[in-house]
Amino acid sequence: MLLARKKKEKIDPDILALSKIVGAKSILHHKEDLLSYDCDGFTIHKAMPKAVIFPKNTEEVAAAVKYCADHTIPFLARGAGTGLSGGAIPLNNEVIISLVKIKNLLSVDYENRKAVVQPGFVNLKLTNSISHKGYYYAPDPSSQYVCTIGGNVAENAGGAHCLKYGVTTNHILGLEVVLPDGEVIEISPNGVLDTPGYDVLGILTGSEGTLGIVTKIIVRILKNPESKKTVLAYFNRVEDGSQAVSDIISAGIIPAALEMMDQTAIEGVEAGAFPVGHPPDIEALLLIEVDGVAEGIAEQIEQILSVCENHHVRDVKVARDEEERGRWWANRKTGFGAMGAISPDYLVQDGVIPRSKLPEVLEEIRAINKKYNLRIANIFHAGDGNLHPLILFDSRIEGETEKALLAGTACLKACADAGGSITGEHGVGIEKKEEMRFIFSDDELEAQTAIRDVFNPDNLLNQGKLFPTPSKCMDIKKVVKPI
Amino acid sequence: MDEILVEGSLTKVANRFGNMTSHIVYPESEEEVAMIVKEANKDGQKLSIVSGGTKLGYGGIKSDYDFTLSLKKLTGIVEHTAGDMTVTVKPGTTMQTLQHFLKQYNQMVPLDPAHSSASTIGGVVSANDSGPRRLKYGAARDHVIGMRVVYPDGKVIRTGGKVVKNVAGYDMNKLFIGAMGTLGVITEITLKLRPLPKYSSVVTLRVQDEALHDLKAFLTHIQDSMIEPVSLELLNPKLSKNLFQIEEYHLIIALEDVKKAVLFQEAWIDENKPTEAIMEVINHTEDFWITFNELTPNSQNDFQDTTSGVLKIGTTNMGVFPLLQECDRLNFEGNVEIFVHAGAGHGLSTLMISGLPENVVQSIRSIQTFSEEHGGYGIVKHLPLALRKQVNVWGQLKGPLTLMRGIKQKIDPKNTLNEQRFIGGI
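So the protein lines, in turn, are chains A and B.
Reminder that position 406 of the first sequence reads as 406 in the working numbering, one-by-one numbering, no gaps.
Remember, the working numbering sits 1000 above the position in the second sequence when you count from 1.
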């Protein structure tokens, strides 16, 4: 086989050059090896890369990037490939620079509350590495047991606990970045706040891998709160659940997490790997967690319970112990995957709305559900208005995938029309490129691509992501203008 | 729209601090801002932007702009939805007005920069300014969720949105926060809010010079403990004398939570504090912070004969200790007087240096160098124009200046807005 291959194939000079940079064992370029890199967590769209390389350090990343830049080869960076919007899909036959081998925890500085990690380091591993000292890393996307911190930076990842503690951008203190021409820059390498100059750190975080490749990350670590209490509340009517969310916040409580699931979502999680026995006939459940100084927790829990009582809660309980709390969270955090138990396929959406518009938007999602005749489960970070409608469909039925995509877009339109956004934590990627027009004007999109041009002038890095392609109606508008 | 040639005290301010001309225009709407900026940009005119006017001594080595655009008349709350905990406000609104408005709803913008009665939200955001409570709440960059910005070509660009969680497109808010008005004119700002704390207190611990190391050990102990301080501000003896009339080191621990939790933390501090430390509890926290926020001078009120400079120093959290010792050394030498409050939990310190002009300049240089050698930086936040020209206001930059210049060039190629106000001559 090997011999036959050698005879047949003329080795591509780019592959040869790249394997010289990273080593022959750290490159994949045969079709069969590349198949698993044709998409990420967004599986509807697929494309084959030219090669996948696995550099071991910053220097190899920089050398590979420089080679690609010099030879006009499109390239992109990839972490664990858990992204849900298609940001790591090689639309242009890219060379994929996988960062999974650059995966160490370089240092932890408890006194100054920071840690230095490499991009391939897995999110949850950081918390696990420092929990013995009573510390943790706050951003906790549901995929945290596998997703990498490099990917978190690219996507500005959120999670269930960002209501109180903020998203990735609030926890990044410094970065080392390989720019698209191969130059390596450092921003706040000591993790000192407010380093003078434009906030390049802030712009890079959440740029979905289109401005540079992160090779070192200085993150803030936090001390575990003394006490945590988790409440589970069941509501017969979704309106009551929504109103309870608003009233908890209005009472001046900022829970660490405030999550909601609707009836279809409950059906899914109960059929999944971590059922906890939620009743099947309720319209909404709330999972509410408060944390802080123990002495102050009881009072907040009492307030939360009384808010729930005021809104006709069917049943409400406080987790007895860490084991029960853990089970409730496992049930919630595996919610997306659990949909696989009740539907052959599902599409996750990620809209954001002002919290007060929750009942109206849920009503609209119900209408979308009817219009497309597809079931939609809703899992959301209700505290910050971040909705995850999960559109259940069967790709084996002709036309259903397209219908699911249309229903997803309709959900995002409903969020945008309510004054919200088309993505709260999953990113735009290729999935929501066109939907960017729901919230940004042409001028505003141009203002953003102008920034990309500063970092990535040749647009070889992760091309075709984030921004809509100039549409026909825009061309027509331009033609019509002079008349 | 008013257009005036100023005289009297404003001219005095302009002459002393720069960044302002005697020809000031006062647009009353975003459309007027856009029109003025667009025309200026077309004609190759340079303009400086001013809002509350407290930061004229901050950055910049110019006073000869063609005119000044003031945001003083662009004020007021545009939108506030209590249930969503967001507010949209115009840039000329003072911090105090904004906080007073939100107080009726038991809410606040969790920012406490200095001079809240005069400084405006537009200025605070443009300078990414923050105060002692940053330890718990973060800075402007953590609270701003959306803006409207007039670009030099007159286009109005919205950044972010009005929801608290949003990753659609680049986080363009970050570009304008802390950009010192060099990229666009902010005409509207939307912020995330927090509930007012149910109860608060300020615990002070004072020790004599030689016990500073005990305070350091105690700070580490606090950070590893269960208590959740809102600020850990360390005052040097000189500043303490101004504030408390006692010339000793003071550690200020602010606590905000439900009453029971605050009292519990006070008791914990009392039990665990260094033996020689004397503890006091301040319950009128609002009055305390108002006084605290006026400890340093600003360009609206600094007309003393002695020269005062204000520095912002960034270090690691524990890097504030060597900094305090360096300030002690300089105070001991006696050429200048240095008043310090150092943020032990976040590493940002404010230094006020008073003395003869040449000595102030010399000390600024020396402290900047010291901070840089310790992996941090020093920025001059307030100093008369003539002296700013003698120092490197932004310190020695190690960051990606090429990218920063590229950003400026892309958005404001003709240097229409606040030319040379920022780092590296941007």
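C-beta atoms are modelled at their ideal positions from N, C-alpha and C, and glycine is treated no differently.
Per DSSP, the unbroken alpha helix (DSSP H) holding I297 (chain A) starts and ends at A294 to N310. Assignment of beta-bridge partners to E1188 (chain B) by DSSP yields B:R1148.
Assigned with DSSP and collapsed to three states, Y198 (chain A) falls in coil, not helix or strand.
Counting the other Cβ atoms within 10 Å of the Cβ of T1416 (chain B) gives 16 or more, which makes it buried. Of all alpha-carbon atoms in B:T1182, B:I1253, B:V1185 and B:R1158, the one lying nearest the alpha-carbon of M1172 (chain B) is that of B:R1158. Around the beta-carbon of I11 (chain A), fewer than 16 other beta-carbon atoms lie within 10 Å, marking it exposed.
Counting only the Cα atoms, I1061 (chain B) lies some 45 Å from G252 (chain A). By the criterion of a C-beta distance shorter than 7 Å, I451 (chain A) is surrounded in its chain by I203, once the five residues flanking it on both sides are discounted. Counting the other Cβ atoms within 10 Å of the Cβ of Q1396 (chain B) gives fewer than 16, which makes it exposed. Taking the Cα positions, I130 (chain A) is about 11 Å away from L105 (chain A). In the DSSP assignment, T148 (chain A) falls outside any alpha helix (DSSP H) and carries neither an H nor an E. The beta-bridge partner set that DSSP reports for D1270 (chain B) is empty. Nearest in C-alpha terms to A233 (chain A), of all of A:H311, A:N170, A:E425 and A:A80, is A:H311. Counted as a single uninterrupted DSSP element, the stretch harbouring I353 (chain A) is not any alpha helix (DSSP H), since DSSP gives it neither H nor E. Within 8 Å of the CB of Q1390 (chain B), no CB atom of chain A is found; the nearest one sits about 18 Å away. Taking C-beta atoms under 8 Å as the contact rule, C411 (chain A) and I439 (chain A) fail to qualify, at a distance of about 14 Å. The continuous alpha helix (DSSP H) containing D417 (chain A) extends over residues E400 to D417.
Where E1256 (chain B) is concerned, the enclosing beta strand (DSSP E) starts and stops at Y1249 to D1257. Per DSSP, V1380 (chain B) lies in no alpha helix (DSSP H); the unbroken beta strand (DSSP E) holding it starts and ends at Y1377 to H1382. Proximity of chain B to T205 (chain A) at the Cβ level (cut-off 9 Å) is accounted for by D1171 and K1174, in chain order.
Closer than 8 Å to the CB of H1250 (chain B) there is not a single CB belonging to chain A.
If you ignore the 5 residues before and after L179 (chain A), its C-beta comes within less than 7 Å of the C-beta of I185, G212 and F455, all in its own chain and listed in chain order. DSSP, read as helix, strand or coil, puts P344 (chain A) in coil. Annotation: Cβ neighbours of K1410 (chain B) in chain A (cutoff 9 Å, chain order): A450, I451, D453 and V454.
Here R327 (chain A) carries a helix assignment [DSSP, helix/strand/coil]. Around the CB of N1293 (chain B), 16 or more other CB atoms lie within 10 Å, so the residue is classed as buried. Rounded to whole angstroms, the separation of the alpha carbons of T1097 (chain B) and K1165 (chain B) is 26 Å. Nearest CB-CB separation between G1399 (chain B) and chain A: below the 8 Å threshold.
When only Cα atoms are considered, L34 (chain A) and N93 (chain A) end up about 11 Å apart. The secondary-structure analysis by DSSP pairs E1028 (chain B) with nothing; it has no beta-bridge partner. The closest CA to that of S1299 (chain B), considering only B:K1046, B:H1382, B:K1072 and B:L1193, is found on B:H1382. DSSP places S1363 (chain B) inside the alpha helix (DSSP H), whose first and last residues are P1357 to E1373. DSSP places I96 (chain A) inside the beta strand (DSSP E), whose first and last residues are V95 to S98.
Beta-bridge annotation (DSSP): Q1107 (chain B) is paired with B:P1195. Taken through DSSP and simplified to helix, strand or coil, S1009 (chain B) comes out as helix. Between T210 (chain A) and K465 (chain A), the beta carbon gap of about 6 Å places them in contact (Cβ cut-off 8 Å).
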